[in-house]
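If you're matching them up, the sequences are chains U and C in order. For the first sequence, the positions run 15 to 429 when the working numbering is used. For the second sequence, the positions run 698 to 1132 when the working numbering is used. Idealized CB from N, CA, C, for every residue including glycine.
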Amino acid sequence: MSIFRKHKSIVDRAAADRIRHKKKIDKAIKESIKDVVAEESIIGQNGKKKIRIPVKGIKEYRFIYGNNDKNKTVGTGGEHKLKRGQKIGAKRADKGQGQGQGGQASNEKGEEYYDVEITLEELAEYLFNDLKLPDLEKKQFRFIAQESIKRKGYRFQGIRPRLSKKETIKRKIRRRKRAEKAGTYDPEGDERFPFHKDDLKYHHIKPKSKENSAAVIFFLMDVSGSMSQARKFLARSFFFLLYQFLNHKYEKIDVVFISHTTYAQRVSEDDFFRVASTGGTLISSALDKELEIVEKEYHPNAWNIYTFYCGDGENWASDNEKAVDDFKKVKEMSQLVGYCEINENYSGLADTDDDAEAFGGMPWGTFSAWKAEEADNLWARLNPICDNTFKRVMIGSNEHIWTAFTYLFGGGKNE
Amino acid sequence: MSDWTVEDLQKWDDKICHVAEDMGLDWFPIDYEIIDYQEMLSSMAYTGIPTHYRHWSYGKEYERTHTLYNMGQTGLPYEMIINSNPSIAYLMRENQLYIHVLTMAHCVGHSDFFKQNRMFADTNPDNVIGTFKTASKYVRSLIEDPSIGIEKVERILDAAHAIKYQVPRYPGIRYKTRKEWLKSEQRQMQKDPTYKPSLKKFPHEPDYNLLLFIATNSRNLEEWERNLLLIVQENSKYFIPQALTKIMNEGWACTIHQKIINELNLPDSLHLPFIKLHNQVVRPHLGTINPYHLGYELFKKIIEERGFEEAMLIRATHNDITFLRTYLDQEFLMDQNLFSYSFKTKYKSSTIDDIADGPGWERVRDDLITNVGLNRVPVVFVMEMDKDHRLTLVHEHDGRDLEVPYAQKVFNYIKDLWGDEVCLLSQIEGESWEF
């Protein structure tokens, strides 16, 4: 009487909507990441370190009733003896009563959080996907063709030889524990808990081939006495993020670390991020050092040069003129110069619209400290040379780091 | 792997239909689709409708069920059937024969309920698949339209989904047209000269169909945007009867599958696993309500006390609310050990408010009813639209406060759709509240 049809569908009809949902989650992850990037726990870690990020789920909002004593829920008591006023758990009666129609009237609430655990490398991928070094030109010499195969994460599909036994067994154990908890599997019984197709995880392998132009990045940091611990931390966070970004995006890149007080020194990566010094500030010393190194090792005809300077803006007044001149020289030979000023008074907001106008429409230039009476400081003096290849950013607290970063690499627009 | 062939299913189906006819059931013909578990997940995500339009929330639903299933926290449903003529039902290829037999008997119960229950009178089962298909094609064409695209479509659908339950709840209620209303107001004015109503009031009576009201009266929507709202509204109209009868519908289907199976004289190899499965489906869930359990037990009691004929009448005329209000009594509530509880903000924990004893059982029953189907969804209606298109919405406060952050989000969606000024009136902790 009834008709039976063996359903043969070729298309996975939910695929497009799942991808769409995944995109929304990815966006949420990206947004959450911005709060995480400047956390102390990740600064100075290597790429394998796992970071836990709470990501807000994508909610569908409806009108629902609040959870309070006027909103009563009815349940079955089973064999229990019940009394009025009896406490039945600290948990909110959040879950719907299963009376919704197939998830239709589902009105569970409470924030949905996905706890996403990712490595620093993956974090970098999320963060930096849309960003790139501007204007990487093909210079005359030194092309480095890159070809490498890297293991990169895990996938649910793969060929047998790449099966990751460890990940697979981990998933199975996880599933079994949950089944035990939910009561669908009895560990005491004789039944074996079998592997499921969905347990299988495979190594993912990604061939990388790139033709990079030669690039060198100069990191210049002020380590003088006026750079307090907090300021140094911000500067280091900024450079750390920068370094992660470059490492992630470009396989072969030369990085030169220069730290300076009244004189500049070329240092190792470790020393750059760790060693503290004291003393006065001559910004030009660092720039001179860079110019000197470029002269000797990285001719601008053959190299893309990027320069990032980070300091607190307090330079010896007598040096300002020379510093600006040097910045001009550096700018001429670089693809991009980033000047980053740490100033804990900076709140990230323009004082007035007029200020924004006066400083070329950039929110950075509008901090009240830079009004007329102090127009002589370095920040203001750099005004005339600011353009697409010379960008200034100001960082007042770690929440500005990401904004500054996207400003430098994301095409210039700031929120 | 499987212990059955399609011929087996056909053989059992014949027997099932035979028994069901003898019982006096009257259902739509059923088309069974045999699908694998991934297709089952898809079907569930799209509420069973094979021609449903796409939206990311169904992708989310898919992932949610998939995850729960993988973690072993939930099994897949044994049955999934939709209210159409013919009814479309899904059988999962991985299941064993006894599950299929139970599923088919269960589906006959559902299909009979869809066809007979009065709440479904307006659902138009002959055309539902086609209607959904047209909508789905339309949504796709908008997504593919280069001047519209998925972002804009989602903006409207996200907002429309947020208020999809703000539609009239009971079929068959006719509201006065404006003309009729004017007439009756005028009559009233003649009788009582002091009575001076505002005859310009719009809408003349509270309008419970928020979606439709916005679609027809907003002056800031494009034609295709209006059409999307109307599609969502049509969808709601189709699903609301199911939300109104979840307990009865499942209870009836369980009653029917059990009755049919008992008539089939199954061999022990099928009957014993069947009993185990049946008991699992209709078991009570501690601390909540299992609609299968509640509906099944209540129908059982009704059949015992009043006979099967009367149960047939009840399945045709009632909805969950009237069903529970009429047939729940203290004895039943006590047998089920039902109790009512709430979260006490002050103590940060839930405590029991009432149990089904002499003084408490009526309150437990009433609390249960306020939690059935759409009673869990707050009612928000259109009070007035003034000449500047300012929209006043009112939440019908029944003692339960709205969850404010949620209401705020939904309010923003409404504002976005409406485009002009909107205000929403409610009460929070006894004080009037305006969004």
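Using a Cβ-Cβ cut-off of 7 Å, state whether Y216/U counts as contacting chain C. No, Y216/U lies away from the interface with chain C (no Cβ there is under 7 Å from its Cβ).
Proximal chain U residues relative to V1079/C, where beta-carbon distance stays under 8 Å: What V1079/C touches in chain U: nothing, since even the nearest Cβ is about 14 Å away.
Return yes when the Cβ of S781/C is within less than 7 Å of the Cβ of I826/C, no when it is not. For I826/C and S781/C, yes; Cβs fall inside 7 Å.
Can you confirm whether I746/C, when its beta carbon is compared against all beta carbons of chain U, has any partner nearer than 7 Å? No, I746/C lies away from the interface with chain U (no Cβ there is under 7 Å from its Cβ).
Could you check the C-alpha separation between L854/C and G721/C for me, to the nearest Å? Answer to the nearest angstrom: the Cα atoms are 43 Å apart.
What residue range does the alpha helix (DSSP H) around Y1038/C cover? Y1038/C: not part of any alpha helix (DSSP H); member of the beta strand (DSSP E) spanning L1035 to K1041, first to last residue.
Spatial neighbours of K898/C in its chain, beta-carbon cut-off 7 Å, leaving aside the 5 residues before and after: Excluding positions up to five away in sequence, the list reads E1081.
Would you verify that the beta carbon of N329/U is, or is not, closer than 7 Å to some beta carbon of chain C? At a cut-off of 7 Å, the C-beta of N329/U has no neighbouring C-beta in chain C.
Among the candidates T292/U, L350/U and E309/U, whose CA atom is the shortest distance from the CA of Y320/U? With distances taken between Cα atoms, Y320/U lies closest to L350/U.
Residues within the stretch 74–96 of chain U neighbouring chain C, beta-carbon criterion of under 8 Å: Correct list: E74, Y75, R76, F77, I78, Y79, G80, N81, N82, D83, K84, N85, K86, T87, V88, G89, T90, G91, G92, E93, H94 and L96.
Contact with chain C by I183/U, beta-carbon distance below 7 Å: It does not; no Cβ of chain C falls within 7 Å.
At the 7 Å Cβ level, is K101/U part of the contact set with chain C, yes or no? Interface with chain C (7 Å Cβ-Cβ cutoff): K101/U is included.
Which value, in whole angstroms, describes the spacing of the CA atoms of M816/C and S933/C? For M816/C and S933/C, the distance between alpha carbons rounds to 13 Å.
If you drop the 5 nearest sequence neighbours on each side, which residues of the same chain put their C-beta closer than 7 Å to that of M886/C? Non-local beta-carbon contacts of M886/C in its own chain, meaning distances under 7 Å to residues more than five positions away in sequence, involve Y892 in chain order.
Use the C-beta contact count for G434/U: other C-beta atoms within 10 angstroms, 16 or more gives buried, fewer gives exposed. Examination of residue 434/U is not possible in this model, given that chain U is present from 15 through 429 alone.
Using a C-beta cutoff of 7 Å, does I17/U count as contacting chain C? Contact of I17/U with chain C is assigned, a C-beta pair being separated by under 7 Å.
Is V716/C near E960/C, with beta carbons less than 7 Å apart? A contact, by the Cβ cut-off of 7 Å.
Is it buried or exposed for A316/U, if we count other Cβ within 10 angstroms and need 16 for buried? Classification of A316/U: exposed, given that the 10 Å Cβ count is below 16.
Can you list the beta strand (DSSP E) stretches of 3 or more residues lying completely in the stretch 273–322 of chain U, in chain order? Secondary structure within the stretch 273–322 of chain U: the beta strand (DSSP E) runs of 3 or more consecutive residues, fully enclosed, are 278–281 (chain order).
Identify, in the order they occur along the chain, each residue of the same chain with its Cβ nearer than 8 Å to the Cβ of R916/C, setting aside the five sequence neighbours on each side. Counting only Cβ-Cβ distances below 8 Å, and skipping sequence neighbours, we find H1086, G1116 and D1117.
Show which residues of chain U have a CB atom less than 7 Å away from the CB atom of H858/C. What H858/C touches in chain U: E74.
C-alpha distance - E1007/C paired with D1026/C, whole-angstrom precision: In a straight line, the C-alpha of E1007/C is about 18 Å away from that of D1026/C.
Just curious, the alpha helix (DSSP H) that E882/C is in, first and last residue? E882/C -> alpha helix (DSSP H) spans R875 to K888.
Answer yes or no: do L706/C and H797/C have a C-beta to C-beta separation smaller than 7 Å? For the pair L706/C and H797/C, the CB atoms are nearer than the 7 Å cut-off.
Going by DSSP in three states, L1122/C sits in which element: helix, strand or coil? Reduced to three states, the DSSP call for L1122/C is strand.
Y795/C to I953/C span [Cα, whole Å]: So the alpha carbons of these two residues sit roughly 16 Å apart.
Classification of Y729/C by the beta-carbon crowding that lies within 10 angstroms, buried from 16 upward: Around the beta carbon of Y729/C, 16 or more other beta carbons sit within 10 angstroms, so the residue counts as buried.
Could you name each continuous alpha helix (DSSP H) segment of 4 residues or more that falls completely within the stretch 162–243 of chain U, going from the start of the chain to the end? DSSP runs (the alpha helix (DSSP H)) wholly in the stretch 162–243 of chain U: 179–196.
Please classify A818/C as buried or exposed, where buried requires at least 16 other C-beta atoms within 10 Å of its C-beta. It is exposed - the Cβ of A818/C has fewer than 16 other Cβ atoms within 10 Å.
Hey, does R98/U have any beta-carbon neighbour from chain C nearer than 7 Å? With 7 Å as the cut-off, R98/U counts as an interface residue toward chain C.
Check whether the stretch 1094–1104 of chain C touches the stretch 75–82 of chain U, taking contact to mean three or more Cβ pairs, one atom from each stretch, closer than 8 Å. The stretch 1094–1104 of chain C, when compared against the stretch 75–82 of chain U, does touch it at the 8 Å Cβ threshold.
Segment limits, alpha helix (DSSP H) that includes Y1044/C: Careful: Y1044/C lies outside any alpha helix (DSSP H) and carries neither H nor E.
Buried versus exposed call for P981/C [16 or more other C-beta atoms within 10 Å across all chains shown]: Taking all protein chains shown into account, P981/C has 16 or more neighbouring C-beta atoms within 10 Å of its C-beta and is therefore buried.
Just mark P747/C as buried or exposed, buried being the case when its beta carbon has 16 or more other beta carbons within 10 Å. Result: buried.
At a CB distance below 7 Å, what residues from the stretch 1036–1062 of chain C approach chain U? Give them in sequence order. For the stretch 1036–1062 of chain C, which is checked against every Cβ of chain U, the residues closer than 7 Å are F1036, S1037, Y1038, S1039, F1040, K1041, T1042, K1045, S1046, S1047, T1048, I1049, D1050, D1051, I1052 and V1061.
If contact means a Cβ-Cβ distance below 8 Å, which residues of the stretch 966–987 of chain C contact chain U? Answer in chain order: P981, H982, L983, G984, T985, I986 and N987.
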